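Working notes, beginning with the structure itself.
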């Protein structure tokens, strides 16, 4: 059946959807009420059409500015640098951070041809200059590229007289020494705090 | 973001798509080329609109009859009874069976109010009468409802002089005694074959 096979192959292209999941989803979809299928299809095209990047910080938004940049209660003094717009959503879920964001749009990765010019680092420097930023928190992921990107940005920002910090790495809360990898464990010893 | 949240909640309603997967999929979708998103949305509505049940056997089809019923090379003498249209696709994947199918549309389940009248059992009996069926293979799943449904149908068909068989249950090929549950293991001993 052509239309079913096409649906399966389209679903199979999505990340984390293997051929078995794609088949199960496709069978479920053709057994759904037609209104629900239409609603799902519309939700897909609608989200794609409406959601774009905030011109200031690079976060996702449906309006001109993203909800964080548009909020006058968020302080410009604290700027949190993240890799992707998704990371902003993860950070916002914590309801802790009251500053603003800057989305890099990736990490430095010479192997993949990603240098500083491919990321929004020049815009970050410009924002630090013009927005009276006092502290930049580097929240790139704790992997090789994320660490290298954080180091590179720290080197660029330090001469500007702004305070630069890195999010803490260590054993997750509720974690267990037995199941933590050696690198994390050694980091958690290196970054130990006095009690 | 309304349209993104709506997409996440629509994806989250699909089977096996938890909230984390729905978020990951939604973020991926808004980063996909617009043409791909449109193609996915169209594949959804298209499959839903075009795919329906074969009026003869209950299998999925896009045409008047399903590919199996429309194939003159498939013999009417063998009729394989399955629970759902999905099962036909799984059976067809084996490329072994040369007969036709009959989809019950479920299994007997008095707790859920599913009796013989809710399944296509009367149609099955009618087909056995009119289509010169010589053997009916009962391929309902080997769980409580599937077994009960198979027994019920066998009882109905036996007086009609048709041969009735049940697919074999036992240890899967490549399986290991260590990891097979006790019920399967006891079935595989009960149904042992002489060598």
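Residue numbers (the working numbering), protein chains in the order written: chain L, 10 to 204; chain X, 10 to 204. The C-beta atom is built at its ideal place from N, Cα and C for all residues, glycine as well. None of these values were measured; they are calculated from a predicted model.
Check: Test: residue 103 (chain L) CB closer than 8 Å to a CB of chain X; Outcome: no
Check: Contacts that residue 46 (chain X) makes with chain L (C-beta to C-beta distance below 9 Å); Outcome: 53, 54, 56, 57 and 58
Check: Meets three-Cβ-pair contact criterion under 8 Å: the stretch 116 to 127 of chain L and the stretch 55 to 75 of chain L; Outcome: no
Check: Helix, strand or coil at residue 117 (chain X) [DSSP, three-state]; Outcome: coil
Check: Cα-Cα separation between residue 195 (chain L) and residue 185 (chain L), rounded to whole angstroms; Outcome: 14 Å
Check: Distance, residue 115 (chain L) Cα to residue 247 (chain X) Cα; Outcome: Any question about residue 247 (chain X) goes unanswered here, given that chain X covers just 10 to 204.
Check: Simplified DSSP assignment, three categories, for residue 140 (chain X); Outcome: coil
Check: Listed by chain order, chain L residues near residue 12 (chain X) by CB distance under 9 Å; Outcome: 52, 55, 56, 57, 58, 59, 60 and 71
Check: Beta bridge counterpart(s) of residue 146 (chain L) as assigned by DSSP; Outcome: L:89 and L:174
Check: Nearest to residue 52 (chain X) (by Cα), restricted to the options L:161, L:149, L:59 and L:34; Outcome: L:34
Check: Among X:178, X:87, X:202 and X:183, nearest to residue 191 (chain X) - alpha-carbon criterion; Outcome: X:178
Check: Any C-beta of chain X under 8 Å from that of residue 30 (chain L); Outcome: yes
Check: Where residue 33 (chain X) meets chain L, residues with beta-carbon distance less than 7 Å; Outcome: 24 and 25
Check: Proximal residues of chain X, C-beta to C-beta of residue 43 (chain L) below 9 Å; Outcome: 54, 57 and 58
Check: Residue range of the alpha helix (DSSP H) that includes residue 97 (chain L); Outcome: 94 to 101
Check: Under 7 Å (Cβ pairs) to chain X, residues found in the stretch 93 to 122 of chain L; Outcome: 95
Check: Cβ neighbour criterion (16 or more within 10 Å) applied to residue 92 (chain L); Outcome: buried
Check: Residue-chain proximity (residue 74 (chain L), chain X), Cβ-Cβ < 8 Å; Outcome: no
Check: Chain-ordered chain X contacts of residue 19 (chain L) [CB-CB under 7 Å]; Outcome: 48, 49 and 52
Check: Buried versus exposed, by CB contacts within 10 Å (16 or more), residue 36 (chain L); Outcome: buried
Check: Beta-carbon contacts of residue 16 (chain L) that lie in its chain and below 6 Å, excluding the five residues immediately before and after; Outcome: 35
Check: With 16 other Cβ atoms within 10 Å as the buried cut-off, status of residue 27 (chain L); Outcome: exposed
Check: C-beta neighbour in chain L for residue 128 (chain X), strict 8 Å; Outcome: no
Check: Start and end residues, beta strand (DSSP E) containing residue 109 (chain L); Outcome: 109 to 112
Check: Host alpha helix (DSSP H) of residue 104 (chain L) (start-end); Outcome: No alpha helix (DSSP H) holds residue 104 (chain L); DSSP gives it neither H nor E.
Check: Interface flag, residue 39 (chain L) vs chain X, CB-CB below 8 Å; Outcome: yes
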